[in-house]
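As structure tokens, the structure follows; a few thoughts come after it.
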Amino acid sequence: MHHHSPIERVLRGIALLIVVLFFMFPIFWILLMSLQTNETILRSPPSIVFEPTLSNYAAIIAGRLDSNVASMGIDFMSNLMNSVILSVGSVALALVLGVPAAYAFARHKFRGSEDIAFTLLSFRFAPPLLVLLPLTLYFQQIGLADTYFGLIWVYQLICLPLILWIVRGYFEDISPDVEHAYRIAGHSWFSTFRRISLPLAAPGIAAAALLAFIFAWNNFIFALVLASADKQPVTVGALAFVTASGIQYGQIAAAVVLSITPTLALALYAQRYLVEGLSLGAVKG
Amino acid sequence: MSYLDLSSVSKTYGGKVQAVKDLNLSINTGEIVALLGSSGCGKTSTLRMIAGFEDVTAGEIRVNGTAIHQLPPARRGVAMAFEGYSLYPPLTIRENIAFAMKAERLDAAQVETRVKDIARLVELEDVLDRYPSSVSGGQQQRASLARALVRKADLHLLDEPMGQLEPQLRALLRGRVKHFIQERGLTAILVTHDQTEANALADKIAVMEDGELQQFDTPTALKDNPANLFTGTFIGEPPMNVFPAGMRRENRQVIFGLGDGVSLAYDEARFSPDLRDRLEKNRDQIAIGVRPHAVRLSEDGLPAEVLVNQWLGDQTHIAASFAGGSIVSVIHDRAKVQAGERVGVSVAPEDLHIFDGSTGTAISHGGQLA
């Protein structure tokens, strides 16, 4: 570490604090909102002094939305469950398909390999709505509309290119001779892939999986068009809070807190993999 | 019968670049062979084809009479030290070396003994429990060499195994590694661009250039009887002096006319009769080669003017302008001559290497047909 004067350290601390506050403020504010009733949220001027309540969370977990006019049932917890199923399912499928493909693209230059890899990336270029409407018709015909599997399949448009391209880069960073050294000692290419390449690329795979998970979790449009009420994830489910009697800000905030918790926890947990991922470049190639 | 046979092996990259052209090479059991050449001459491609990391475009590779060039690397029974070390980062040096013996299914004590022995050989005992990223490049390279040597394999392939080591250690390890290989009767192929290393380690050297095998012979034969101008100038330090020349016979003498009206004249008895006939056929197209160690500086020699006098600590290199070009002479002592001084140059007939001036093929060495 470099030596700094105490003043410098204090100033540095303040600067970091400002940056953190700036970026964390929306989340902090949502957290505060989730602990207030709609009335306290909407008072003017806003204040951070209030009597905290857990009623919003209670309403969401119980599945009952009580407004001052009427009471209606919502199914936010099953939305949350859907989000988990869809995101985990699509990331898992994308890993199973994408990691071996990424390895193949990184290690073997075959005819058209660059074209295929680019085509997969180009899935990210098209506006989703353009493909979604025809896709809906097809899906209805083959019975995939409104199924988890159909949705997970469509989610590959988001997850697969991401995993393929990020993981490919990590595989390319591993010197092929490290694998060769293992193969020549009497091991098949598959055991080399499993025992050498996968562990070395693990930080990269984790980082790519995390990103893919976040993208899948935050997806709105695919689920909006292709899923009916019982398959909808939180992003679409949140629409239910816009009720005839007004927008339930408190409950929306509580729902947001609940729905960002898994991704936030995952990101915090995976932080060390991301750091390891960055230091992978230090391996002599 | 030879142990490893490469017959008409070719390697073409992307249908265009010919890295190895029609290579034929036979290596006997217990031989250490060096593939020597400058960068891009195809020596590493050859090694990787033997190991199985590159496909053979055409030709066959056989070990003990069995074709192996279609087999996966794991089934070829070869051990290899990689130029880029290629140690596995999550394992310590000790584990990296032990890891290579996994397929042999030894018990832990045996593995430990062999790791210790090989670590002592390459001077790695102190860093066995460190990770590759925390040791120096030279130590990583020695670990890679140790990992290759520790294995019981039919064939040991060493790709530039000592390039990163400091000179003293390199000299020490050359001796030890050679002894280790010979003692166990191992067969090894070494890729290097360092001719000192090739000379010190190898029983035979394959000189390659531009994907083609130039000559495959013992170090002594390469030096005394280079097959062509390329090997002649490539082997030997400093390189052989070469002059284009014409040849004529007068008064029972063989006279080589070099540039600038300078000529070397010898009694024709110093050249065998068939060599004289052969030289006649090539009379206008000759290249004369003289090793710097064979260039004698004396009062009564042909005129030359000293350009540089370099004392290297154990020998002197003197470069002089001679016959329209320059000539380098090596003297095993300090020489007093200074730049600009006139000296006499003479070359004994037995030190002449004569090549065909157009094809570069050797015609004669020391007065005898090549």
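As you go down the protein sequences, you meet chains A and B in turn.
Position 108 of the first sequence, counting from 1, maps to 107 under numbering that gives the first Met the number 0, and the rest follow consecutively.
Position 138 of the second sequence, counting from 1, maps to 137 under numbering that gives the first Met the number 0, and the rest follow consecutively.
We put the beta carbon where it would ideally sit given N, CA and C, even for glycine.
I'd like to confirm the pairing. Which residues does DSSP put opposite residue i in its beta bridges?
i	result
R61 of chain B	B:D4 and B:A66
N227 of chain B	B:T360
E304 of chain B	B:S320 and B:R341
L157 of chain B	B:A80 and B:L189
G12 of chain B	Per the sequence shown, residue 12 of chain B should be read as Tyr rather than Gly. DSSP output for Y12 of chain B lists B:V16 as bridge partner(s).
A33 of chain B	B:L189 and B:I204
T315 of chain B	B:W310 and B:I330
D24 of chain B	The residue you asked about is not Asp; residue 24 of chain B is Leu in the sequence shown. B:L5.
G256 of chain B	B:G245 and B:S262
E211 of chain B	B:E208
F354 of chain B	B:A286 and B:A361
I246 of chain A	A:V241
T325 of chain B	Position check: residue 325 of chain B holds Ser in this sequence, whereas Thr was assumed. Answer is B:S320, bridged to S325 of chain B.
L368 of chain B	B:S363
D276 of chain B	The partner list for D276 of chain B (beta bridge, DSSP) is empty, contrary to what the question assumes.
D216 of chain B	B:I204
G240 of chain B	The sequence shown places Asn at residue 240 of chain B, rather than the Gly named in the question. BP columns for N240 of chain B point to B:V289.
Taking residue i as part of the beta strand (DSSP E), name the residues at either end of that continuous run.
i	result
S271 of chain B	Where S271 of chain B is concerned, there is no enclosing beta strand (DSSP E), given that its DSSP letter is neither H nor E.
D297 of chain B	Here the sequence assigns Ser to residue 297 of chain B, which means Asp is not the residue at that position. Element bounds for S297 of chain B: R295 to S297.
Please report whether the beta-carbon of residue i lies at a distance below 7 Å from any beta-carbon of chain A.
i	result
G64 of chain B	no
Y87 of chain B	yes
F229 of chain B	no
F179 of chain B	no
F242 of chain B	no
F81 of chain B	yes
Would you say residue i faces chain B, with C-beta separation under 7 Å as the test?
i	result
H107 of chain A	no
D285 of chain A	The structure shown does not extend to residue 285 of chain A, since chain A spans only 0 to 284, so no value can be given for it.
V282 of chain A	Caution applies to V282 of chain A, whose pLDDT of 43 falls short of 50 and renders its modelled position unreliable; the value that the coordinates give is listed next. Closer than 7 Å: yes.
I204 of chain A	no
D176 of chain A	yes
G88 of chain A	no
A187 of chain A	Per the sequence presented here, residue 187 of chain A reads as Ser, with Ala not at that position. It does: the Cβ of S187 of chain A has a partner Cβ on chain B nearer than 7 Å.
G271 of chain A	Reading off the sequence shown, one finds Arg at residue 271 of chain A, where the question assumed Gly. For R271 of chain A, the answer is no, since every Cβ of chain B falls outside 7 Å of its Cβ.
R193 of chain A	no
I173 of chain A	no
R63 of chain A	no
R182 of chain A	yes
For the alpha helix (DSSP H) holding residue i, just list the boundary residues, first then last.
i	result
K108 of chain A	Taken as a continuous stretch (DSSP letters only), K108 of chain A belongs to no alpha helix (DSSP H), as it is neither H nor E.
S33 of chain A	P5 to S33
Q155 of chain A	Y147 to D172
I117 of chain B	A107 to L120
G174 of chain B	P166 to E182
A58 of chain A	S54 to A61
V55 of chain B	No alpha helix (DSSP H) holds V55 of chain B; DSSP gives it neither H nor E.
L131 of chain A	P127 to I141
T288 of chain A	Past the boundaries of the shown model lies residue 288 of chain A; chain A is included only from 0 to 284, so the question cannot be answered.
P290 of chain A	As shown, chain A starts at 0 and ends at 284. That puts residue 290 of chain A outside it, with no answer to give.
K42 of chain B	K42 to A50
R146 of chain B	G136 to L148
M233 of chain A	The sequence as given places Val at residue 233 of chain A; Met does not occur at that position. Element bounds for V233 of chain A: V233 to G236.
D176 of chain A	P175 to I183
Just checking my contact of residue i with residue j at CB under 8 Å: how many whole Å lie between their CB atoms?
i	j	result
S1 of chain B	I26 of chain B	6 Å
S44 of chain B	V19 of chain B	5 Å
L79 of chain A	L257 of chain A	6 Å
N250 of chain B	V294 of chain B	Rounded, the Cβ-Cβ distance is 26 Å, inconsistent with contact.
I204 of chain A	V87 of chain A	Contact flag wrong, Cβ pair sits at about 15 Å.
A184 of chain A	V90 of chain A	Actually they are not in contact, since the Cβ atoms of A184 of chain A and V90 of chain A sit about 34 Å apart, beyond 8 Å.
S143 of chain B	L86 of chain B	6 Å
T230 of chain B	Q214 of chain B	5 Å
S374 of chain B	S297 of chain B	In this structure chain B extends from 0 to 369, so residue 374 of chain B is not present and cannot be described.
V190 of chain B	L3 of chain B	Actually they are not in contact, since the Cβ atoms of V190 of chain B and L3 of chain B sit about 14 Å apart, beyond 8 Å.
State yes or no: is the C-beta of residue i nearer than 6 Å to some heavy atom of the ligand FMN?
i	result
W188 of chain A	Among the components modelled here there is no ligand, and therefore nothing to report on the ligand FMN.
When Cβ atoms are compared, which residues of the segment 96 to 107 of chain B fall closer than 9 Å to chain A? Taking 9 Å as the Cβ-Cβ cut-off against chain A, the residues of the segment 96 to 107 of chain B that qualify are F98, A99, M100, K101, A102 and E103.
Short-range partners of chain A found in the segment 53 to 78 of chain B, where Cβ spacing is below 9 Å: For the segment 53 to 78 of chain B, which is checked against every Cβ of chain A, the residues closer than 9 Å are P71, P72, A73, R74, R75, G76, V77 and A78.
According to a CB-to-CB cut-off of less than 7 Å, which residues of the segment 217 to 240 of chain A neighbour chain B? Residues of the segment 217 to 240 of chain A whose Cβ lies closer than 7 Å to any Cβ of chain B: none.
If you measure beta-carbon to beta-carbon, which residues of the segment 147 to 164 of chain B are closer than 8 Å to chain A? If the cut-off is 8 Å between Cβ atoms, the segment 147 to 164 of chain B has R150 near chain A.
Which residues, in chain order, does the segment 2 to 36 of chain A contribute to contact with chain B at a C-beta distance below 9 Å? Flagged: no residues at all.
If contact means a Cβ-Cβ distance below 8 Å, which residues of the segment 119 to 152 of chain A contact chain B? Residues of the segment 119 to 152 of chain A with a C-beta less than 8 Å from any C-beta of chain B: none at all.
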